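Take a look at the structure below.
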Amino acid sequence: MDYNLRYQTKQKFISRLWILAISVMIVFLPGHGTSRASDPSPTQVNSLQELVDRFDSSSCRECHEQIFTQWEKSHHSRSLMGINDYIFIASYLKKGPLAIPSGEKATKKNFPCFKCHFPQIEFATDSVAAEIAKAALDNDKVTVRKLNIGCLVCHREKSVVHGRPDMNAIYGNNDIKDHPETPVRKSPLLKNSLMCGQCHGLGPNLEFETPVQCATLYGSYLHAYIPSGGTETCQQCHMPGGDHYMPPNFNNRTELSERLRNSLPMQVRALAYSFQPKEEDIRPMVVVNTKIFSKAGHRIPDG
Amino acid sequence: MVLDVTANASDGKQIFHTSKIYMPQATDSRSNQMVLGPDKKLGLIRDTSIQPFAPKEETIEIPLPQGVTEVDLEVNLSYQPRPGDIYPIHNIKKHVSLDPK
Numbered sequence: 023m024d025y026n027l028r029y030q031t032k033q034k035f036i037s038r039l040w041i042l043a044i045s046v047m048i049v050f051l052p053g054h055g056t057s058r059a060s061d062p063s064p065t066q067v068n069s070l071q072e073l074v075d076r077f078d079s080s081s082c083r084e085c086h087e088q089i090f091t092q093w094e095k096s097h098h099s100r101s102l103m104g105i106n107d108y109i110f111i112a113s114y115l116k117k118g119p120l121a122i123p124s125g126e127k128a129t130k131k132n133f134p135c136f137k138c139h140f141p142q143i144e145f146a147t148d149s150v151a152a153e154i155a156k157a158a159l160d161n162d163k164v165t166v167r168k169l170n171i172g173c174l175v176c177h178r179e180k181s182v183v184h185g186r187p188d189m190n191a192i193y194g195n196n197d198i199k200d201h202p203e204t205p206v207r208k209s210p211l212l213k214n215s216l217m218c219g220q221c222h223g224l225g226p227n228l229e230f231e232t233p234v235q236c237a238t239l240y241g242s243y244l245h246a247y248i249p250s251g252g253t254e255t256c257q258q259c260h261m262p263g264g265d266h267y268m269p270p271n272f273n274n275r276t277e278l279s280e281r282l283r284n285s286l287p288m289q290v291r292a293l294a295y296s297f298q299p300k301e302e303d304i305r306p307m308v309v310v311n312t313k314i315f316s317k318a319g320h321r322i323p324d325g
Numbered sequence: 007m008v009l010d011v012t013a014n015a016s017d018g019k020q021i022f023h024t025s026k027i028y029m030p031q032a033t034d035s036r037s038n039q040m041v042l043g044p045d046k047k048l049g050l051i052r053d054t055s056i057q058p059f060a061p062k063e064e065t066i067e068i069p070l071p072q073g074v075t076e077v078d079l080e081v082n083l084s085y086q087p088r089p090g091d092i093y094p095i096h097n098i099k100k101h102v103s104l105d106p107k
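Residue numbers (the numbering used here), protein chains in the order written: chain S, 23 to 325; chain E, 7 to 107.
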């Protein structure tokens, strides 16, 4: 009996040792955790509502009413909607390389656009992608409108590129330790063009199974504007005085026309005369010369 | 971005029209066929968009039909994210004549 008891105890000890060893191996296995180093993986949520709640920034409005109102009018507040609140992702789900037979079949792989249009998807499972696909295909604007580039996307997720942001802080232009609810940490990135460049594009996004190409503006800024001697930042033109309206607003047609008129002055010259390249060959003509100047920090148009 | 140049004779009849389209142009990098839409585009094959610090200049010669000595020119620049969806930017009109002033 004694021998059997000692044998069983020893076997239990060995089993527990194995479990411990395997657990340690899993934790330190390469690729475990977030795609960026050092921080533990944030739990992925299984429902769209949980994801919306996690990034809810309605409490910001209580003190930052003016900024919130500016943002509400911006395209950042409806990042899955195109001109006139058209749900653009629906067209890609219906036809083309990202198409699916029904919303339930969608996974995160169907949404490379979310890299910039809804980066919060990083914290969600494929079932949330399926919920979004269904809402998009059903033209459910109330639901899709909840998915946006809210305060926490820029003021936390995108505020730090060297490592992961502190999930218990938000980021601003200055340290504010006694900020209500969450301390504010200074991020120099917020006033830098790289902040916007994280989403406003270098060109092809080759990291996806189905590569996509959307915005190229930051690439144009880096490789055309800066080499030509440009010195302004994205924020200086698109967020003057910290305005979170961030034009252009493609839904305000008059305002956009005016903005383009100011950014692209045009000069037209015209001459009527008779050209005579040789004897008895007289060609009455008008010569029109057009010249469009650009004050922008990137190509126009993009896309 | 579309530049339209139109010339009308003094009787209102159109004698000339041309358009220039300014935009980055992409293929899917598997053929030389231009494609539209971010789900298909991959790389640029040509770029006629308006670049920072680089004025975009066009010289357009309009031959005048016999008997036409005056024309009304209209130059329009517009942003057209989709065909037919027009955001006007500039509309410049000029009257020119072969006759000396």
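Just so you know, even glycine gets a beta-carbon here, dropped at the ideal spot from N, CA and C.
Note that the coordinates shown come from a computational prediction; the quantities given were computed from them, not determined experimentally.
Cutoff 6 Å; reference residue i; Cβ partners in own chain excluding five residues on either side
i: Leu79 of chain E; result: Ala13, Lys100
i: Lys131 of chain S; result: Glu231
i: Cys221 of chain S; result: Cys138
i: Asn311 of chain S; result: Arg291
i: Gly252 of chain S; result: Gly319
i: Asp53 of chain E; result: Pro30
i: Pro87 of chain E; result: none
i: Ile27 of chain E; result: Val8
i: Val309 of chain S; result: Leu293
Residue i versus residue j - alpha carbon distance
i: Ala155 of chain S; j: Asn68 of chain S; result: 14 Å
i: Val234 of chain S; j: Leu224 of chain S; result: 12 Å
i: Phe77 of chain S; j: Arg186 of chain S; result: 17 Å
i: Ser16 of chain E; j: Glu76 of chain E; result: 6 Å
i: Gln31 of chain E; j: Val41 of chain E; result: 8 Å
i: Ser55 of chain E; j: Ala146 of chain S; result: 38 Å
i: Lys300 of chain S; j: Met307 of chain S; result: 15 Å
i: Lys163 of chain S; j: Ala152 of chain S; result: 16 Å
i: Glu203 of chain S; j: Tyr193 of chain S; result: 13 Å
i: Asn259 of chain S; j: Leu278 of chain S; result: What sits at residue 259 of chain S in the sequence shown is Cys, not Asn. Their backbone Cα atoms lie some 14 Å apart in a straight line.
i: His96 of chain E; j: Met29 of chain E; result: 17 Å
i: Asp61 of chain S; j: Asp188 of chain S; result: Low per-residue confidence applies at Asp61 of chain S: pLDDT is 48, beneath 50, and the placement is therefore not dependable, though the value from the model is reported in the following sentence. Answer to the nearest angstrom: the Cα atoms are 9 Å apart.
i: Leu4 of chain S; j: Gly125 of chain S; result: Absent from the structure is residue 4 of chain S, since the part of chain S shown begins at 23 and ends at 325.
i: Arg283 of chain S; j: Gln289 of chain S; result: 12 Å
i: Gly73 of chain E; j: Lys107 of chain E; result: 18 Å
i: Asp324 of chain S; j: Ala128 of chain S; result: 29 Å
i: Phe59 of chain E; j: Ser285 of chain S; result: 11 Å
i: Thr56 of chain S; j: Thr65 of chain S; result: The predicted position of Thr56 of chain S is uncertain, since its pLDDT is 37 and thus under 50; a value taken from the coordinates is nonetheless stated next. Their Cα atoms are separated by approximately 10 Å.
i: Lys168 of chain S; j: Val74 of chain S; result: 7 Å
i: Lys116 of chain S; j: Glu144 of chain S; result: 23 Å
i: Val206 of chain S; j: Leu216 of chain S; result: 20 Å
i: Phe22 of chain E; j: Ser79 of chain S; result: 56 Å
i: Met103 of chain S; j: Glu84 of chain S; result: 26 Å
i: Arg321 of chain S; j: Gln57 of chain E; result: 5 Å
i: Lys19 of chain E; j: Glu67 of chain E; result: 18 Å
i: Pro330 of chain S; j: Pro262 of chain S; result: There is simply no residue 330 of chain S to check, as chain S begins at 23 and stops at 325 in what is shown.
i: Pro94 of chain E; j: Phe133 of chain S; result: 33 Å
i: Cys256 of chain S; j: Val11 of chain E; result: 33 Å
i: Glu302 of chain S; j: Leu83 of chain E; result: 38 Å
Neighbourhood of residue i by C-beta distance below 7 Å, restricted to the same chain and skipping five residues each side
i: Glu254 of chain S; result: Gly319
i: Pro226 of chain S; result: Pro233, Gln235
i: Asp265 of chain S; result: Gln92
Residues bridged to residue i (per DSSP)
i: Thr12 of chain E; result: E:His23, E:Glu80
i: Ile198 of chain S; result: S:Val206
i: His101 of chain E; result: E:Asp78
i: Gln289 of chain S; result: S:Lys313
i: Met307 of chain S; result: S:Tyr295, E:Pro69
i: Gln66 of chain S; result: Paired residues: none, contrary to the question.
i: Leu102 of chain S; result: Paired residue(s): none; Leu102 of chain S is not in a bridge.
Member of the options whose CA lies at the smallest distance from the CA of residue i
i: Thr91 of chain S; options: S:Arg305, S:Asn273, S:Tyr267; result: S:Tyr267
i: Leu293 of chain S; options: E:Pro58, E:Ala60, E:Pro69; result: E:Pro69
i: Asn106 of chain S; options: S:Asn273, S:Leu282, S:Arg321; result: S:Asn273
i: Leu98 of chain S; options: S:Pro141, S:Ala157, S:Leu228, S:Arg321; result: Checking the sequence shown, residue 98 of chain S turns out to be His, not Leu. Residue S:Pro141 is the option with its Cα nearest to His98 of chain S.
i: Leu9 of chain E; options: E:Thr24, E:Gly18, E:Gln20, E:Pro61; result: E:Thr24
i: Ile51 of chain E; options: E:Pro89, E:Ser37, E:Asn82, E:Gly90; result: E:Ser37
i: Phe159 of chain S; options: S:Ile109, S:Lys208, S:His184, S:Arg178; result: Sequence inspection shows Leu at residue 159 of chain S; the Phe mentioned does not correspond to that position. Looking at the Cα atoms, S:Ile109 is the closest of the given residues.
i: Asn214 of chain S; options: S:Phe133, S:Thr165, S:Tyr240; result: S:Tyr240
Residues of its chain near residue i, where Cβ-Cβ distance is below 8 Å and the 5 sequence neighbours each way are ignored
i: Lys47 of chain E; result: Ala32, Thr33, Asp34, Val41
i: Leu104 of chain E; result: Leu70, Thr75, Glu76
i: Gly304 of chain S; result: The sequence shown places Ile at residue 304 of chain S, not Gly. For Ile304 of chain S, where only same-chain residues beyond five positions count, the Cβ hits under 8 Å are Ser296, Phe297, Gln298.
i: Ala191 of chain S; result: Arg178, Thr204, Pro205, Val206, Arg207
i: Glu280 of chain S; result: none
Integer Cβ distance of residue i from residue j, believed to fall under 8 Å
i: Leu212 of chain S; j: Ser181 of chain S; result: 6 Å
i: Lys339 of chain S; j: Glu63 of chain E; result: With chain S represented from 23 up to 325, any question about residue 339 of chain S goes unanswered, as that position is not in the structure.
i: Asn161 of chain S; j: Ala112 of chain S; result: 7 Å
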